[in-house]
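Student:
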Amino acid sequence: MIAVKKLLLINAHSTEGHPINVEITGSRISAIIDPRSQGELSNFSGEVFDCGGKILSPSFIDLHTHLREPGKEDAETVDSGLRAAVAGGFGVVSAMPNTSPVADTAGVVEQVFALGQEANRCDLFPIGAVTQGLEGKKLAEILAMAHSKANVRMFSDDGNCVSDSLLMRRALEYVKIFDGVIAQHAQDPSLTIDAQINEGALSARLGLKGWPAVAEEAIIARDVLLADHVNSRLHICHVSTAGSVEIIRWAKERGIKVSAEVTPHHLLLNQDLLSDFDPIYKVNPPLRTQSDVEALREGLADGTIDVIATDHAPHPMEAKECEFNSAAFGMTGLESAFAIGYQTMVKTSLISLSSLVASMSSKAAVIGGYSEYENGLMVNGPASLVLSDLSKSWIVDREKSNSKSRNTPYHGLEFEGVITDLLYRGEWVLRDSQVIS
Amino acid sequence: MIFPRHLLSVDDLDYDQAVKVLDTASELSKFSGSSIKKLPTLRGKTVVNLFFEDSTRTRISFEAAAKRLSADVINFSVKGSSVSKGESLKDTALTLGAMGADAVVIRHHFSGAAQRLADAGWISGPVINAGDGTHEHPTQALLDAYTIRSKFGKDSEGLSGLQVIIVGDILHSRVARSNVFLLTKLGAEVTLVAPPTLLPVGIENWPVKISYQLDPLLSSADVVMVLRVQKERMVQSFFPTEREYSRHYGMNSHRLKSLSGESILLHPGPMNRGLEIDALTADSSRSMIVNQVTNGVQIRMAVLYLLLSSQQVVGEEV
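Just so you know, the sequences run in chain order A and C. If you read the first sequence in this note's numbering, its first letter stands for residue 15, the second for the next number, and so on. If you read the second sequence in this note's numbering, its first letter stands for residue 3, the second for the next number, and so on.
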């Protein structure tokens, strides 16, 4: 019989700031100790790891990642995407289905799931397509994906909006079979034909086709009413406007089962960056005004918005080295997500560090249906833990990204909060900020 | 006077620089009447006309301007080739850079393309925006300002106090954008006239008045600038029919009679005769449309001269 590996993490701090020791047996947490009241573990016979006073928290969960494999491996592979995830402190990523082929069948979601297991850096849970080929016309085989080895619980046509009202209603109803959730990319297509940037003073001056806030808000308003009507679960991807926050706040007050995410870039950046037509800032939904940014932060602080999700969207260089209209939408975000959450929400005293971590872990687990992660740090829970050093800062260098792509809008920016180490189900996958090969 | 490295937007010019361009064009016009139209100023320089969009009149205007300054001109038309992938701008720019272009005049169907060319570091010389998408067309606004100034006899100054109406498809017009910000900088009072569907959302802070009615404004206007309205806008429901547009916003012989004093009519061309302007109006004595074409060459000569000679000064400073 092989002895089960034991690991003791000492000299760490919890997100609330008090000392904490964690004992790990195999892939699970076997004890959580407060050294002030319980003292050190006696008779511990295993490896002891000194955390050096860093913050220890559950590893992060991303509900919105584009890993590009299969089909667009020049931008990202599952392995490279998971390297970036791990570097950013993520123990779970949810892969959006807009690959080629689209993840709209049990076969494709199982393939993506298997690629994740093969990479074995962190959990990869595929998100299934709502409609066949993301075309918004016919439902995909949602139940087959739910019952597949990938055990899909979240469905999205992300990149496209499920714009047909009846189809959206049917999808919301159908996922009730297994308590699934529809993650809507809220964008009325007819209001955003060829749209490039937020519609307003800047689009008027630059002569770029405007992307009105109402194109997002009208879909969210319709969908929360549909979710209410059929009593199902709705998740809103990448909320970007103040009006969207208001509608979701209203829906939650009414008891509608809606959750929402905000991206790090929408928490940090505003449309003013676009005045030079630099496509590195081109993203869907577009960067909005500073008052939208403030509203998103408030929404996250008061719980209207549940989670931070990256919408990590890698693209090869040529997709951004071109005219604005020709450029692809999207930016990478896995490696910088925590630091941006820390800067925009915690340093600004809007929320506590533990709330930030909850919005990047346990709350996301509840939405995604990743039940073993729902309770955060817990005895018998998975030993997927992240260590972060808030006393250190770092400068983003796109050339050092673990992602295959370089389309980060943060190149050269300095952030506080360094992710140093990540334990994934009892195994080190990141040490001293280096991804373990 | 130091000039900006590039001319991408009318915002690149301050008041003095804009007036200087007009004054320079005015100086250069003295040579256009002589039997030898060529000046040796840019001998040995190569100007590339990089056109991603058809525009024979703008290309010819720049070509004539460069040649009258003795520059060598290369016309580079990029049509239909891998534009959808977007790689062509970079690769084309690298090619031009390698061929030693001293200045690039770019016309492109996408807003911001000129700025991308200037910012991305693919070429070293000045970039002159000859129209980018629905963003700007700065030399058109300069030639319009020049035409207006010539008519109203305001040499060596701006357009202070003149009433300018710009009527038409403001939303999709780079000419409108450049004119709004240049003419107001030069002191003109600009009113935009269009149906609300053809006005951009977000122009509350523009230094202009907005009107949905053309008729009440005509009697007090010094300048009526009529913009081209593309027929496909009708299909996209910006207005119901050509006839309805023409009835409310078209310049016709009836409206021509409402104009007073010395007021003039401008159109950047090409015209849709019968839609935004009727033939009688286009060919009337108030019409300066042909003068605009002549003035276009002189303005472009002035821009090429000022940017390319200023370039040398900047180079010496470094």
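The beta-carbon is built from N, C-alpha and C at its ideal position, and this holds for glycine as well.
Which of the three DSSP states, helix, strand or coil, is assigned to A/SER217?
Tutor: Residue state, collapsed to three classes: helix.
Student: Using a Cβ-Cβ cut-off of less than 8 Å, give me the residues of the region 181 to 212 of chain C that come near chain A, in sequence order.
Tutor: Taking 8 Å as the Cβ-Cβ cut-off against chain A, the residues of the region 181 to 212 of chain C that qualify are PRO202, VAL203, GLY204, ILE205, GLU206, ASN207 and TRP208.
Student: With a floor of 4 residues, list each alpha helix (DSSP H) that falls wholly inside the region 16 to 71 of chain A, ordered by position along the chain.
Tutor: Those alpha helix (DSSP H) runs which fall completely within the region 16 to 71 of chain A and span 4+ residues are 49 to 52.
Student: When you compare each of A/CYS136, A/THR434 and A/ALA327 to A/CYS65 by their alpha carbons, which one comes out closest?
Tutor: When only C-alpha atoms are compared, the closest one is A/THR434.
Student: With distances taken between CB atoms, is the gap from A/SER419 to A/PRO328 smaller than 7 Å?
Tutor: For A/SER419 and A/PRO328, yes; Cβs fall inside 7 Å.
Student: So which residues of chain C does A/ALA2 contact, with C-beta pairs closer than 7 Å?
Tutor: Nothing can be reported for residue 2 of chain A, as the shown portion of chain A is limited to 15 through 451.
Student: How many Å lie between C/THR141 and C/GLY298 at the Cα?
Tutor: Their backbone Cα atoms lie some 8 Å apart in a straight line.
Student: Looking at C-alpha atoms only, which residue of A/LYS361, A/MET159, A/LEU310 and A/LEU216 is the closest neighbour of A/ASP290?
Tutor: The option with the nearest alpha carbon to A/ASP290 is A/LEU216.
Student: Note down, in chain order, every chain C residue with its Cβ under 7 Å from the Cβ of A/ALA227.
Tutor: In chain order: nothing, as chain C lies at least about 10 Å away.
Student: Using 7 Å as the limit for Cβ to Cβ distance, is C/LEU71 near chain A?
Tutor: No, C/LEU71 does not count as interfacial toward chain A.
Student: Look at the alpha carbon of C/THR26 and the alpha carbon of C/LYS47, and state the distance between them as a whole number of angstroms.
Tutor: Those two C-alpha atoms are separated by around 19 Å.
Student: Under the rule that 16 or more other beta-carbon atoms within 10 Å means buried, what is A/GLN198, buried or exposed?
Tutor: The residue is buried, with at least 16 neighbouring Cβ atoms inside 10 Å.
Student: Name the residue from A/GLY40, A/MET331 and A/LEU70 whose alpha carbon lies nearest to the alpha carbon of A/ALA342.
Tutor: The residue with the shortest Cα to Cα distance from A/ALA342 is A/MET331.
Student: Chain C beta carbons: is any one of them nearer than 7 Å to that of A/LEU205?
Tutor: By this cut-off, A/LEU205 is not an interface position.
Student: Excluding the 5 residues preceding and the 5 following C/MET227 in the sequence, name in chain order all residues of the same chain whose CB lies nearer than 6 Å to its CB.
Tutor: Excluding sequence neighbours, C/MET227 sits near ILE168 and LEU268.
Student: Among A/VAL244, A/ILE211, A/VAL228 and A/GLN146, which has the Cα closest to the Cα of A/SER189?
Tutor: The sequence as given places Val at residue 189 of chain A; Ser does not occur at that position. The option with the nearest alpha carbon to A/VAL189 is A/VAL244.
Student: Answer with yes or no whether the minimum CB distance from A/GLU83 to chain C is below 7 Å.
Tutor: Output row for A/GLU83: interface = no.
Student: Considering only C-alpha positions, which residue in the set A/VAL432, A/ASN35, A/SER254 and A/ILE365 is nearest to A/ILE233?
Tutor: Of A/VAL432, A/ASN35, A/SER254 and A/ILE365, the residue nearest in Cα terms is A/SER254.
Student: For the region 319 to 348 of chain A, which residues have a beta carbon sitting closer than 7 Å to at least one beta carbon of chain C?
Tutor: Within the region 319 to 348 of chain A, the residues whose Cβ lies closer than 7 Å to some Cβ of chain C are GLU332, GLU335, CYS336, GLU337, PHE338, ASN339, SER340 and ALA341, listed in chain order.
Student: For C/ILE279, collect the residues of the same chain with a Cβ closer than 7 Å to its Cβ; drop the 5 residues on either side in sequence, then sort them by chain order.
Tutor: Correct list, in chain order: VAL228, GLY252, MET253, HIS269 and MET273.
Student: If you run the structure through DSSP and keep just helix, strand and coil, what is A/ALA341?
Tutor: Looking at A/ALA341 - three-state DSSP - the assignment turns out to be coil, as it is neither helix nor strand.
Student: Count the other CB atoms, across all protein chains shown, that sit within 10 Å of the CB of A/ILE250; report buried if there are 16 or more and exposed otherwise.
Tutor: By the neighbour-count rule (16 or more Cβ atoms within 10 Å), A/ILE250 is buried.
Student: Please confirm if C/GLY88 has its CB atom under 7 Å from at least one CB of chain A.
Tutor: With a pLDDT of 49 at C/GLY88, under the threshold of 50, the modelled position of this residue cannot be trusted, and the question is left open.
Student: If we count the other Cβ atoms within 10 Å of its Cβ and call it buried at 16 or more, is A/ASN394 buried or exposed?
Tutor: That one is exposed.
Student: Taking buried to mean at least 16 other C-beta atoms within 10 Å of its own C-beta, is A/TYR438 buried or exposed?
Tutor: Buried: at least 16 other Cβ atoms inside 10 Å.
Student: If you measure between the beta carbons of C/VAL50 and C/ALA103, is that distance less than 7 Å?
Tutor: In this structure, C/ALA103 lies closer than 7 Å to C/VAL50 by Cβ.
Student: Taking 8 Å as the limit between beta carbons, can you name the residues of its chain near C/ARG257, skipping five residues before and five after?
Tutor: Cβ within range, chain order: LEU216, ASP217, LEU220 and THR283.
Student: Got a sec: which bits of the region 137 to 150 of chain C sit with their beta carbon under 9 Å from any beta carbon on chain A, in order along the chain?
Tutor: So the close ones are HIS137 and GLU138.
Student: Can you confirm whether the region 261 to 278 of chain A touches the region 102 to 110 of chain A when touching is taken to mean that 3 or more C-beta pairs between the two stretches lie within less than 8 Å?
Tutor: No contact exists between the region 102 to 110 of chain A and the region 261 to 278 of chain A.
Student: Select from the region 282 to 311 of chain A all residues with a C-beta closer than 7 Å to any C-beta belonging to chain C, and list them in chain order.
Tutor: So the list reads ASP290 and PHE291, given in the order they occur along the chain.
Student: Applying a beta-carbon distance threshold of less than 8 Å, which residues of chain C neighbour A/LEU22?
Tutor: Neighbours of A/LEU22 on chain C: none; closest Cβ ~53 Å, over 8 Å.
Student: For a test of the three-state rule: what should DSSP assign to C/THR58, helix, strand or coil?
Tutor: Here C/THR58 sits in helix by DSSP.
Student: If the cut-off is 8 Å on Cβ atoms, which residues from the region 112 to 123 of chain C count as contacting chain A, listed in chain order?
Tutor: Going along the region 112 to 123 of chain C in chain order, one finds PHE112, SER113, GLY114, ALA115, GLN117, ARG118, ASP121 and ALA122 with a Cβ nearer than 8 Å to chain A.
Student: Is there at least one Cβ from chain C nearer than 7 Å to A/GLY221's Cβ?
Tutor: For A/GLY221, the answer is yes, since a Cβ of chain C falls inside 7 Å of its Cβ.
Student: Please list the partners that A/GLY224 has in chain C, where partner means a Cβ-to-Cβ separation under 8 Å.
Tutor: Simply PRO202, VAL203 and GLY204.
Student: Where C/ARG7 and C/PRO128 are concerned, what is the direct C-alpha to C-alpha distance, given to the nearest angstrom?
Tutor: Approximately 6 Å between the Cα atoms of the pair.
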